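Read in order, the letters of the sequence shown are residues 739 to 916 in my numbering.
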Amino acid sequence: MDIQPCGTNDAIAFYTAKYLSKSEPTQLDGSVAQAIREIQREKTDISRKLFKVCMRILKERQVSACECSYKLCHLNFRDSSRKCTFLNTRKPEQRYRVFKIHSNGTATGYCSNIIEGYEKRPTEHPNYDFDNMCLLEFAMFFEPLYEKSNQEPQECVDIYEPERQTRQRLITLLGEVS
């Protein structure tokens, strides 16, 4: 597991930019520039030229073994076993809150978050040791269950079969749930 603390929006942007530009060889720029010079001399259409530049970038770029195997097997990057959960570790008075909006457009209170769920975790459960579970473990094992709205169009290209859960991940929180 890769844990990277990001305390501000700038830190999140920095981490994302650093990840996207990871482990690129130093000769990549020169190789792409040389490919562009060679391709400009050709008498082909622009789409073919762009395709050749893209192929040169892919040829020179270094990727992890996991990313390479996903691409070779034509697996979806979106439907993977890796997920990202943001844990706001600011002081409680500095944390962002999301208003709970009703169908008539009025805001009444705030939506609950992962920290409130952690505070309301059950004291006993046959499958989990909640007394010795930290916030990070709680966020890894459990995610909020939201009711899906019917606002998504019926013929959406992003509709796919949801992943099957191999273990029961529903727990009942203590106290009033908002």
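Backbone N, C-alpha and C define an ideal beta-carbon position, used for all residues, glycine too.
Quick caveat, the model's predicted, so the values are computed rather than measured.
Exercise. List the DSSP bridge partners of Ile839.
Key: Ala845
Exercise. Please list, in chain order, all residues of the same chain as Thr910 whose beta carbon is under 7 Å from its beta carbon, the five residues on each side excluded.
Key: Pro860
Self-check item: Three-pair Cβ contact test at 8 Å for the segment 863–876 versus the segment 830–840
Solution: no
Quiz item: Comparing the C-beta of Lys781 with each C-beta of chain B, is any distance below 8 Å?
Solution: The displayed structure is made up of one protein chain only, and chain B is not part of it.
Quiz item: Of all the options Lys790, Asp783, Ile784 and Arg779, which has the alpha carbon lying nearest to the alpha carbon of Val770?
Solution: Lys790
Quiz prompt | Assigned secondary structure, Met878 (DSSP; H/G/I helix, E/B strand, else coil) | solution = helix
Self-check item: Spatially closest choice to Leu873 from Thr823, Cys849, Leu908 and Tyr848, by CA coordinates
Solution: Thr823
Exercise. Drop a sphere of 10 angstroms on the beta-carbon of Ala773, count the other beta-carbons inside from all chains shown, and report buried for 16 or more, exposed for fewer.
Key: buried
Quiz prompt | Where Asn747 sits in the DSSP three-state scheme | solution = helix
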